[in-house]
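Let me begin by presenting the structure, written as structure tokens, before commenting on it.
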Amino acid sequence: MRGLLHGIFILIVINLVNSEDSRRLLISSVKKYGVDHFQFVEVGAGTDNLGDLPFISMALFDNYLTENGWNVLSVVTSDKFPDIYQAYWAGFLETNATYELTVASWKNTVEGLCAEPLSADCQKLQSYLSANLKYVISAAIILGRSDPFWHQIYLQMWQLKGISDAYKQIFVENSTIMTPHYIYSLTEEVLGIYLLQLSGDLSEILQALSLNTLVNGVNRFGVRWVASPTCSALVKLTHDNVYLSHVTWAPYTSMLRVLKHYNFPWNMRGQDKQQIPGYAITFSSYPSTISSIDDFYVISSKLVTIETTIGNSNNNLWAIVRDGAGSSVLEPFRVMAANRLANNGNEWVSYFRQRNSGTYNNQWMVFDANLYSPGVKTLNKGLLTVAEQLPGIVKAEDVTHVLEQQTYWPSYNLAYFPLIYNLSGMPEKLAKYGDWYDYQKTARANIFRRDHAKVENMATMHRLMRL
């Protein structure tokens with residue numbers, strides 16, 4: 001433990017209150033102290049010399065839900081402190097700042113999925129998730145010092161531990177317990193708040209494990225636990241600009257939305273001081289959820305990453321998921337690792353495809369704004385990379401030539417690559433249900449083909465995406 005950090009953890013809670021109590025600021029800090037541990041205490045906003053305290057993490061939460069349907073959360077950490085402390089306190093402050101919203105989101109979406117006493121299917125789900133998390137944590141602890149991918153996974157586990165502690169209102173009073181093994185307790189609570197991270201993966205895990213009572217079950221609002229893919233995306237070139245959009249739709253139970261700004265100056269590896277390129281990310285999300293899930297990210301590396309879900313209807317592929325609990329990393333954690341580590345589309349894919357879980361199978365678009373120049377007719381190679389995932393495979397290509405030829409790239413829950421389209425079971429659905437499952441003839445393909453040329457500015461892009 002570094003001598004600089006011997007001291008007292010301080011959680012500073014500042015409520016910046018207007019008439020509707022819509023803003024809250026929280027800061028975690030450290031005060032130098034003469035013993036070899038950290039002591040966590042809570043102090044009020046009126047503490048003397050508050051501005052002189054070095055902060056580990058800071059969270060600012062704005063509640064605009066009744067104004068425009070969104071909450072806004074900004075979380076910043078300081079590179080003066082080790083990455084794991086930044087990650088833990090980032091998670092802790094996020095849930096502390098959004099506690100009421102997090103509780104509401106839990107009640108709206110996953111409460112009751114696996115209530116005590118656990119059913120046979122819930123016991124199987126618990127066993128799978130616990131085994132997977134044990135593998136992920138163990139590998140991250142061992143490999144994170146030298147491997148960039150695993151270091152980012154390791155930090156996300158610490159972020160989740162901070163979220164868990166804040167949700168259970170556990171305050172770490174003595175930092176000596178914050179050893180790598182402290183995060184192993186996450187494996188004992190996989191049916192708790194951890195499920196908020198898995199709203200994309202969960203439905204396919206349930207299908208892969210044949211947990212039919214859960215696949216066919218509904219929550220207390222009558223909404224099925226397993227939902228169909230519901231999103232569209234568009235990359236559109238005009239003569240002097242480029243527009244990128246993602247839209248998603250879901251039951252009102254999922255509409256406690258949070259626009260998040262993360263600024264985490266973490267290192268590439270646990271053993272060095274090289275900062276990640278994707279230290280700052282703005283993304284749409286949900287309370288106490290550390291990825292987007294939708295997904296839509298704007299990153300400091302000048303990458304924009306977007307996906308729409310293609311799913312898997314080939315039951316023969318589920319065996320890969322069933323057998324992968326002890327060797328795979330679930331999709332949102334791989335996505336955030338790739339977002340933070342990649343400088344370009346190829347790098348993003350190389351990180352994302354590691355330890356493919358075969359869950360939350362999506363078409364990913366990686367737009368590299370470093371390569372974009374307004375007004376040019378010939379686009380730089382690597383501007384747009386597309387990756388499609390299924391159990392056992394991630395297929396990726398540079399599709400800049402398609403964007404250049406069409407001036408748009410649409411995405412609408414069907415695979416573009418014939419290999420993935422065929423492997424995912426779409427030909428059988430096409431034969432049974434018709435054009436809805438035809439990549440070229442499905443309704444949204446026709447809409448984008450007809451109307452993309454009408455996009456001239458933000459307003460017309462917005463109008464198209466709201467159709």
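Start counting the sequence shown at 1; every next residue gets the next number (our numbering).
Glycine residues also receive a C-beta, built at the ideal position from the N, C-alpha and C atoms.
- Remark: fewer than three beta-carbon pairs, one from each stretch, lie closer than 8 Å, so the stretch 206 to 225 and the stretch 427 to 447 are not flagged as touching.
- Contact check for residue 394 and residue 349: beta-carbon distance about 7 Å, within the 8 Å limit, so the pair qualifies.
- With distances taken between CA atoms, residue 114 lies nearest to 211 out of 161, 211, 89, 264.
- In the three-state reduction of the DSSP assignment, residue 308 falls in the strand class, which pools E and B.
- If you look at residue 385, you'll find it in the beta strand (DSSP E) that goes 384 to 390.
- With fewer than three CB-CB distances shorter than 8 Å, the stretch 310 to 328 does not count as touching the stretch 364 to 373.
- Buried is the label assigned to residue 333, since at least 16 other Cβ atoms lie within 10 Å of its Cβ.
- Under the DSSP assignment, residue 285 falls outside any alpha helix (DSSP H), being part of the beta strand (DSSP E) whose first and last residues are 280 to 285.
- A direct Cα-Cα distance of roughly 6 Å separates residue 260 from residue 282.
- Taking a C-beta distance under 8 Å as the contact criterion, residue 361 and residue 278 do not qualify as a contact pair.
- The C-alpha of residue 119 is placed about 45 Å away from the C-alpha of residue 300.
- Listed in chain order, the non-local C-beta contacts of residue 65 below 7 Å within the same chain comprise 71, local neighbours out to five positions each way being set aside.
- DSSP links residue 231 through a beta bridge to 248.
- According to DSSP, residue 410 shares a beta bridge with 234.
- Taking each of 376, 296, 201 in turn and checking the Cα distance to residue 258, the smallest one comes out for 296.
- Within the stretch 43 to 110, complete beta strand (DSSP E) segments of at least 3 residues are found at 55 to 64, 70 to 77, given in chain order.
- Around residue 419, the same chain offers 395 as residues with beta carbons nearer than 7 Å, after the five sequence neighbours per side are excluded.
- Within 10 angstroms of the beta-carbon of residue 85 lie 16 or more other beta-carbons, which makes it buried.
- Pairing residue 208 with residue 322 gives a Cβ-Cβ distance under 8 Å.
- Residue range 120 to 143 is occupied by the alpha helix (DSSP H) that includes residue 125, with no beta strand (DSSP E) assigned at that position.
- Using a C-beta cut-off of 8 Å, the stretch 191 to 205 makes contact with the stretch 152 to 171, since at least three inter-stretch Cβ pairs fall below that distance.
- For residue 223, same chain residues with a beta-carbon under 8 Å away, outside a window of 5 residues either side, are 251, 253 in chain order.
- If the five residues before and after residue 154 are omitted, its C-beta is found closer than 6 Å to the C-beta atoms of 140, 144, all from its own chain and listed in chain order.
- A Cβ-Cβ separation of about 5 Å places residue 365 in contact with residue 306 under the 8 Å criterion.
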